[in-house]
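Residue numbers (numbering that gives the first Met the number 0), protein chains in the order written: chain A, 0 to 543; chain B, 0 to 319; chain C, 0 to 309. Note that CB positions come from ideal geometry on N, CA and C, so glycine has one too.
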Amino acid sequence: MRGAKSATWVAGAIIVAMAATACGGGGGDKGSKNDAGGVNPNGKFSVEVGEPQNPLQPANTMESNGSIVVRSLFAQLVDYDPQGKIVMVNAQSVDTKDNKTFTVTLKDGWTFHDGTPVTAESYVKAWNWAANINNAQTNASWFADIKGFEDVHPAKEGAKPKADAMSGLKVVDDKTFTIELTTPIPYFVYKLGYEVFSPLPESFYKDPKAAGENPVGNGPYQFVKWDHKKQIEVKRFDGYKGPDKAKNGGVIFKNYTGLEAAYEDLKSGNVDVLRQIGPKDLPVYRDDLGDRAVDQAYSAIQSIVPAFYSKQWKNVDPKVIQGLSMAIDRDTITKTVLQGTREPATGFVAKGVLGYQDNVGGDVFKYDPAKAKELIKAGGGVPGNKISIQYNADGGHKEWVEAVCNSISNATGIKCAGDSKADFQSDLDAREAHEVKSIYRSGWVLDYPVNANFIRDLYATTSAGNQSGFSNKELDSMIKKADIAPTLDESVKEYQAVEKKMVELMPAIPLWYYKVNAGYSENVSNVQYAQNGDPVLTGVEVKK
Amino acid sequence: MPDVTKTAVENADPMAATAADAAAATGPAPQAEKARSLWGDAWRDLRRNPYFVVSGILILLLLLIAVFPGLFTSASPTYADLRNHYLGKPEYGKVFSAEWLGYDGQGRSVFARVIYGTRASITVGVSVTVLVTVLGGLVGMIAGYFGGWVDTILSRLTDVFFAVPFLLGTLVVLNSFTDRTVWVVSGALAFLGWTQIARVMRGSVITIKQADYVHAAQALGASTSRILMKHILPNAVAPVIVVATIALGGYISAEATLSYLGLGLPTSVVSWGQDISGGAQQIRTAQHIMLYPSIMLSITVLAFIMLGDAVRNALDPKLR
Amino acid sequence: MGRYVARRLLQMIPVFIGTTLLIFLMVYALPGDPVRALFGDKGADPTTVARIRHDLGLDQPILKQYWDYMTGIILHFDFGNQIASGRPVRDVLGEAFPVTIRLASLAFAIELVVGIALGVWAGMRAGKLADSLVLIFTLLLISVPVFVLGFIFKLVFAFQLGWMTPNVQDDTNYSQLLMPAIVLAALSLAYVARLTRTSIAENLRADYMRTAVAKGLPRRRVIGVHLMRNSMIPVVTFLGTDIGALMGGAVVTEGLFNIHGVGGTIYESILRREGTTLVGLVTVLVLVFLFTSLLVDLLYAVLDPRIRYA
Chain A
0 MRGAKSATWV AGAIIVAMAA TACGGGGGDK GSKNDAGGVN PNGKFSVEVG EPQNPLQPAN
60 TMESNGSIVV RSLFAQLVDY DPQGKIVMVN AQSVDTKDNK TFTVTLKDGW TFHDGTPVTA
120 ESYVKAWNWA ANINNAQTNA SWFADIKGFE DVHPAKEGAK PKADAMSGLK VVDDKTFTIE
180 LTTPIPYFVY KLGYEVFSPL PESFYKDPKA AGENPVGNGP YQFVKWDHKK QIEVKRFDGY
240 KGPDKAKNGG VIFKNYTGLE AAYEDLKSGN VDVLRQIGPK DLPVYRDDLG DRAVDQAYSA
300 IQSIVPAFYS KQWKNVDPKV IQGLSMAIDR DTITKTVLQG TREPATGFVA KGVLGYQDNV
360 GGDVFKYDPA KAKELIKAGG GVPGNKISIQ YNADGGHKEW VEAVCNSISN ATGIKCAGDS
420 KADFQSDLDA REAHEVKSIY RSGWVLDYPV NANFIRDLYA TTSAGNQSGF SNKELDSMIK
480 KADIAPTLDE SVKEYQAVEK KMVELMPAIP LWYYKVNAGY SENVSNVQYA QNGDPVLTGV
540 EVKK
Chain B
0 MPDVTKTAVE NADPMAATAA DAAAATGPAP QAEKARSLWG DAWRDLRRNP YFVVSGILIL
60 LLLLIAVFPG LFTSASPTYA DLRNHYLGKP EYGKVFSAEW LGYDGQGRSV FARVIYGTRA
120 SITVGVSVTV LVTVLGGLVG MIAGYFGGWV DTILSRLTDV FFAVPFLLGT LVVLNSFTDR
180 TVWVVSGALA FLGWTQIARV MRGSVITIKQ ADYVHAAQAL GASTSRILMK HILPNAVAPV
240 IVVATIALGG YISAEATLSY LGLGLPTSVV SWGQDISGGA QQIRTAQHIM LYPSIMLSIT
300 VLAFIMLGDA VRNALDPKLR
Chain C
0 MGRYVARRLL QMIPVFIGTT LLIFLMVYAL PGDPVRALFG DKGADPTTVA RIRHDLGLDQ
60 PILKQYWDYM TGIILHFDFG NQIASGRPVR DVLGEAFPVT IRLASLAFAI ELVVGIALGV
120 WAGMRAGKLA DSLVLIFTLL LISVPVFVLG FIFKLVFAFQ LGWMTPNVQD DTNYSQLLMP
180 AIVLAALSLA YVARLTRTSI AENLRADYMR TAVAKGLPRR RVIGVHLMRN SMIPVVTFLG
240 TDIGALMGGA VVTEGLFNIH GVGGTIYESI LRREGTTLVG LVTVLVLVFL FTSLLVDLLY
300 AVLDPRIRYA
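Written out as structure tokens, the structure is:
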């Protein structure tokens, strides 16, 4: 009885969030507040965010709640605009001739929030610290491209580091340093935009743990205070020299237990910007919010992946997988069950990424029951004539997994059922241990806006992200070739060829691209959403 | 004040106790036994109780639906047609047809699902309630009746179980089974569910065992099991029945919660619980999805509450 | 009596050890690794995982981990640190419990007062209209899921009438906690009302009632003292078990109204396999359970003088 209560919440709050509010008329009668008042450049606004899981150290933050805060506090060398073009932030220039050695020159006059200058040393020392195994930072492997990484981060478990610094990083002078990689990477500059590559002030090393509670960065905002489980407050850093100077006085990251509670607070004016709308409110949020409703694509993709190590999919003819792909009615499912929050996929690379090709999959991604049956038959059928799709029940996947299964069953007569794991941990555990029985769901949000991120990091035989046991020699050699292409453009083109090849090999069945479905209050304007789905905080304008 | 209480309990039912013991002492006398047996009396009482009759009919009907769902609808509960039937509105004119109560978010007939969901839901609700009542009742009765170190051990064990978070307990139990049948799910729900009944039963027994008719039976040399079954249980069972009948509904919804967590029944099994929690997501646009399975749940709970009330009245000597 | 209480307090030691060990083992038995989970969907670097596990002592045998943990609590009142955030569990407990205690006590008061009042009203008129009304009301509470109840409350009181904010903005403000407390109390209220009603109806026909009335005692005294006192044992038992449950099991309600209390923290710790946090939370809850069950047992003796504890 009591148990029933405790678990229901799960059904609601975390998984899909609950407690919506009806209350029609939200959209219509709210014109009372006019824009006439103009913008208050010192006004603060609030954003819905959960409690960050980790201390706020740039190289130790992977999940979304922490990273939105870290990104507001730290600026990196470069960033990229919505078209995928590199923009210099803290760097004056990042030059390379061979894609292997990069020379970074910093802009003048930058300081950390504590007033100390940002120097070449601030970067090099921070990266060496983050890469060092002794400091056990979760994002340490981001530095693996840099020469000498194994010396500070040995591959053997329990081994001691041989050196304190990576030999690939050299400080030339106060404003200049060089990065040498082990192999050329044409798109390495894009990786430098990730918050892992932030500089750290000298004060950080005295007590890294305390610095995680009270971070000092070089970004557009300065840390004020962290009321655990309630809110994190940051204010505009007036000494910020970057291109994205804050147009508001600061941000309050407000902690919510669920998306739907946040949505109610948005409607009653207690929070200003949401990152996401709960499923219960999706059907009505456009009516409720009017032009304050946000609906735009961002660079993430959802796929289902056959476990190629399993008995069922070992040595399967790719035609069978193509057939399954054609048995899924992506259009109808995204419009109905997913309520327009996704857009049917037509390839393996998400939209908004360099090298995205429209409709690369062609017919293979189109719903065609007759053709689907034919292909599956031609490929020798699905062993056992029965599949299951593994998913984590705490991620709101149940509905679409059921719909995909129903679509496959109705179209091909193959039996299909969802195989739910209680939580993300159990799901991940089964995937890593290669215990998935048939097919599993997999999502991928961009790390850097280049198509390689959606290809190499997922389907190359040795990639950490490749959990399906997919391995194809031809594809591997094409990927290798693309990686050593002399320029970024050529590399991107080579990867486009790889993507075309993947339609034949079908290492996964891409389903749809994600969209940002969010909204904001009447107190703010100019709310934009970035490629990773988060609101662009610095651009938000607070009304008077 | 104490003397009033004492008189009251003294007078509560001296006849029942002594008569039953006398019957036992004089050996089997079929006719007399039939006339005087507490459980036999209860049965005769029940048949005359309109609450019992109504709840009995309701429960029989539910059982019939559970066993032969095909008799009530020809529609399939699992056939999903998203293109044509996504969130289809109910068409109340077409009674008993697939579209009668509308379609759900997967394009399945709500009516067919309500009918076919009866089996799993009733099985889970009833079996968990029975398991919990028997286990909890036994523990509580033994702890309450014997007291001393037996009580200490059982009560502290109950405390420990009570403190284990529901989700943690069920996660652990269900993770040790690969096949999640209705019975495994019921077992998992019962695993932590018995503690409340145990406490209620214990509290009840502690009071009842002070009654003079119990002392009388003890003095007459009746066996412990006989005292427990004939004297303690019928008098102590009332609060347990109240808690158990309410909990029955709770378990049917708890199954929903578990399913939603990916811990309950597989999606291939139709149940009200799954439809209620699924329908809750559509509460702003299509209330019918959640409404009908909830109504079935309410009817079931009502039937069992009425049954529980009737049984308790029949068993309680004071109300005779 | 004094010796009895002392003995009961001593019993808390083995229960405390047993529960913490049980929770430790249960978390250990679950699939999934809290350290691996820090990396989410992206591939984890095994060296870093091993290093973090080593730093946290998670590579030790489970019983050694348990021993270290217990000695930490007993010798230094140190509940360990969280795996992901590295924060002391003591701080986490210090944030969650005050909020939960406020919410739970408010809910408890509601279920106590309203539940017993409804139960007495129905029980005194067993079989009449009032009884049926209470039956229907409690039936509604039982079959409407908590999240729907919360939804309806917010719709009516926050958005239509505008009496209060939909969510709790300040968790020290009791008027904001009122709505969640009512929702939290709803199901238990149904239990209390039905239990009271049954007990009252049953005892109403008992001979001592007739005796009391015959003795010419005023009706108020008969009901208030004799009837209530004899009917309260099952209700008190239920209420006793419910205090702890209201504290630890308010997960749904907390989530609904954006309250950061114990229930939500327990849920989160289970999903993240935060063993130390979970054990810390449950440890405090066990103490609550033990005290309430002692209190209930002592109340038995007050309500029914024939019950004596050596």
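Sort the options by Cα distance to residue i and report the nearest one.
i, options, result
"C:Gly312", "C:Pro233, C:Ala184, C:Leu194, C:Val212", "The structure shown does not extend to residue 312 of chain C, since chain C spans only 0 to 309, so no value can be given for it."
"C:Phe317", "A:Gln136, A:Asn217, A:Asp150, A:Val348", "Nothing about residue 317 of chain C can be read from this structure; chain C reaches only from 0 to 309."
"A:Leu168", "A:Glu156, A:Ala292, A:Lys99", "A:Lys99"
"A:Asn269", "A:Ile276, A:Gln275, A:Ala260, A:Gly277", "A:Ala260"
"A:Leu55", "A:Pro200, A:Glu398, A:Gly211, A:Asp294", "A:Gly211"
"A:Gly363", "A:Asp418, A:Glu342, A:Lys385, A:Ile320", "The identity of residue 363 of chain A in the sequence shown is Val, whereas the question assumes Gly. A:Val363 has its Cα closest to that of A:Ile320, out of A:Asp418, A:Glu342, A:Lys385, A:Ile320."
"C:Asp351", "B:Pro292, B:Ile205, B:Ala285", "This structure cannot speak to residue 351 of chain C, because chain C is shown only from 0 to 309."
"A:Pro219", "A:Trp109, A:Lys334, A:Tyr519, A:Lys124", "A:Trp109"
"A:Asn89", "A:Phe187, A:Tyr239, A:Ala371", "A:Tyr239"
"A:Glu156", "C:Arg50, C:Met11, C:Ile16", "C:Arg50"
"B:Leu301", "C:Ser131, C:Asp77, C:Leu24", "C:Ser131"
"A:Ala369", "A:Phe148, A:Ile251, A:Thr411", "A:Thr411"
"A:Thr95", "A:Glu194, A:Val188, A:Ser520", "A:Val188"
List the whole-angstrom C-beta distance separating residue i from residue j, where the pair is believed to meet the contact cut-off of C-beta under 8 Å.
i, j, result
"C:Ala106", "C:Val261", "Actually they are not in contact, since the Cβ atoms of C:Ala106 and C:Val261 sit about 13 Å apart, beyond 8 Å."
"C:Thr197", "B:Ala237", "6 Å"
"B:Ile282", "A:Lys279", "6 Å"
"A:Thr331", "B:Leu81", "5 Å"
"A:Pro448", "A:Leu353", "6 Å"
So what's residue i in DSSP terms, helix, strand or just coil?
i, result
"A:Gln530", "coil"
"B:Asp40", "helix"
"A:Thr104", "strand"
"C:Trp120", "helix"
"C:Pro13", "helix"
"A:Met505", "coil"
"A:Lys253", "strand"
"A:Asp367", "coil"
"C:Ile82", "coil"
"C:Asn229", "helix"
"C:Arg2", "helix"
"A:Val117", "coil"
"B:Thr284", "coil"
"A:Met61", "coil"
"A:Asp94", "strand"
"A:Ala299", "strand"
Chain C contacts made by the region 205 to 217 of chain B, where a contact means CB separation under 8 Å
Ile205, Thr206, Gln209
Using 8 Å as the cut-off, can you tell me whether the region 134 to 142 of chain B makes contact with the region 185 to 200 of chain B, which would need three or more C-beta pairs spanning the two stretches below that distance?
yes
For the region 267 to 295 of chain A, which residues have a beta carbon sitting closer than 8 Å to at least one beta carbon of chain B?
Within the region 267 to 295 of chain A, Pro278, Lys279, Asp280, Pro282, Val283 place their CB atoms closer than 8 Å to a CB of chain B, listed in sequence order.
When you compare the region 497 to 509 of chain A with the region 330 to 350 of chain A, are there three or more beta-carbon pairs, one atom per stretch, that lie closer than 8 Å?
yes
What residues from the region 56 to 79 of chain C come within 8 Å of chain A, judged by C-beta to C-beta, listed N to C?
none
Which residues, in chain order, does the region 64 to 92 of chain B contribute to contact with chain A at a C-beta distance below 9 Å?
Thr77, Tyr78, Ala79, Asp80, Leu81, Arg82, Tyr85, Leu86
Sufficient close CB pairs (3 or more, under 8 Å) joining the region 260 to 275 of chain C to the region 127 to 144 of chain C
no
Note down, in chain order, all residues in the region 315 to 336 of chain A with a beta-carbon under 9 Å from any beta-carbon belonging to chain B.
Asp328, Thr331, Ile332, Lys334, Thr335, Val336
Taking three-plus beta-carbon pairs below 8 Å as touching, is the region 423 to 433 of chain A in contact with the region 322 to 336 of chain A?
no
Check each residue of the region 203 to 226 of chain C: if its Cβ is closer than 7 Å to any Cβ of chain A, include it; give the result in chain order.
Residues: none.
In the region 247 to 261 of chain A, which residues sit with their C-beta less than 8 Å from some C-beta in chain B, listed in chain order?
Result list empty, no residue passes.
Does the structure place the region 434 to 443 of chain A close enough to the region 274 to 288 of chain C that three or more beta carbon pairs sit under 8 Å?
Cβ pair count under 8 Å is below three, so no.
Contact between the region 280 to 299 of chain A and the region 527 to 537 of chain A: three or more CB pairs below 8 Å?
yes
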